[in-house]
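Numbering-wise (the UniProt record's numbering), the sequence shown opens with residue 1 and increments by one. For every residue, glycine included, the Cβ atom is placed at its ideal position computed from N, Cα and C. Please read these numbers as outputs of a predicted model, since none were measured by experiment. Everything on this sheet refers to the single structure shown next.
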Amino acid sequence: MRSLIEEHAKRLKLSWIRENYHAVEAETHEEFLLCLFEREIQQREERKLNLLLSQSCLPDISGKQLEWHGIHMNGNITKEEILQGRFIERKENLILYGGVGVGKTLMAALAGWNCIQKSQKRVRFYTVAQLVNSLLEVNEKGTLGRLFKQIESLDLLILDELGYVPLHKQGAELLFQVINLCYEKRSVIITTNLQFGQWNHVLGDPILTEAFIDRLIHYSHLIVFNRDSFRHKDSLMNR
Numbered sequence: 001m002r003s004l005i006e007e008h009a010k011r012l013k014l015s016w017i018r019e020n021y022h023a024v025e026a027e028t029h030e031e032f033l034l035c036l037f038e039r040e041i042q043q044r045e046e047r048k049l050n051l052l053l054s055q056s057c058l059p060d061i062s063g064k065q066l067e068w069h070g071i072h073m074n075g076n077i078t079k080e081e082i083l084q085g086r087f088i089e090r091k092e093n094l095i096l097y098g099g100v101g102v103g104k105t106l107m108a109a110l111a112g113w114n115c116i117q118k119s120q121k122r123v124r125f126y127t128v129a130q131l132v133n134s135l136l137e138v139n140e141k142g143t144l145g146r147l148f149k150q151i152e153s154l155d156l157l158i159l160d161e162l163g164y165v166p167l168h169k170q171g172a173e174l175l176f177q178v179i180n181l182c183y184e185k186r187s188v189i190i191t192t193n194l195q196f197g198q199w200n201h202v203l204g205d206p207i208l209t210e211a212f213i214d215r216l217i218h219y220s221h222l223i224v225f226n227r228d229s230f231r232h233k234d235s236l237m238n239r
């Protein structure tokens with residue numbers, strides 16, 4: 001009997017029930033079934049959450065807290081809307097601007113992490129250099145469409161460190177295609193240390209840069225980090 005129950009549970013893909021049903025105690029059949037279903041659902045939710053976190057490639061932010069002093073936002077978005085991901089429901093973008101080490105990546109990662117934990121959104125984190133290198137590689141292999149489909153399945157795309165590495169012409173054009181894919185369909189967070197007028201130094205083409213910025217800022221919030229580098233402060237304190 002026990003082997004048949006385990007076999008049926010396996011065929012129905014009820015992994016928690018298959019492994020643990022014999023240890024469940026209840027006073028009625030209804031309570032027994034309810035407990036089985038609740039624990040099976042809980043395990044599936046946990047597996048899905050862990051998979052989403054793994055696929056997101058978010059940086060490890062465990063134990064880190066974002067300090068909000070010196071962060072300036074426009075009046076159309078609040079701290080809670082950023083952290084709870086409400087901008088994603090509206091297909092809006094965030095542009096996080098400031099110097100090196102001021103917390104831009106941490107804010108982007110926190111927003112992404114919360115979106116997964118609270119709403120099970122699909123999130124993917126790249127540095128701009130990583131994404132462009134991947135785009136060039138799959139384009140050369142003829143599998144660019146596969147990566148585009150992965151991006152189209154996202155709710156939030158995070159692009160970190162725009163401005164640190166100048167892009168070659170083909171890389172900039174492929175990155176523009178990604179932004180075009182996201183336009184009005186999914187949210188993008190970009191972190192950058194450059195003002196808009198300097199983005200041409202990265203993208204290399206004034207017309208492409210104008211089109212890139214135009215699509216990005218149409219539904220966006222600019223968040224300015226007007227403060228000193230925390231890493232620099234820590235270094236000075238350690239000395």
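Contact annotation: LEU222 and PHE212 have beta-carbon atoms that are not nearer than 9 angstroms. It is roughly 40 angstroms from the alpha-carbon of LEU14 to the alpha-carbon of ILE179. Contact check for LEU147 against LEU135 passes: the beta carbons are separated by less than 9 angstroms.
A contact is defined here as three or more CB-CB pairs under 8 angstroms, and the region 157-165 meets this definition with respect to the region 182-190. Here DSSP, grouped into helix, strand and coil, assigns TYR126 to strand.
Spanning the alpha carbons of LEU96 and ILE82 requires a straight line of approximately 11 angstroms. Burial is judged here by how many other beta carbons sit within 10 angstroms of a residue's own beta carbon; THR78 has fewer than 16 and is exposed. Membership of THR191 in the beta strand (DSSP E) is indicated by the continuous run 187-192. For the pair TRP68 and LEU162, the Cα-to-Cα distance works out to about 22 angstroms. In terms of CA proximity to LYS121, SER54 leads the group ALA26, GLY171, SER54, THR192.
Looking at GLN195, LEU216, ARG11, the one whose alpha-carbon comes closest to that of GLY98 is GLN195. Note on MET107: 16 or more other CB atoms within 10 angstroms of its CB, so buried under the neighbour-count rule.
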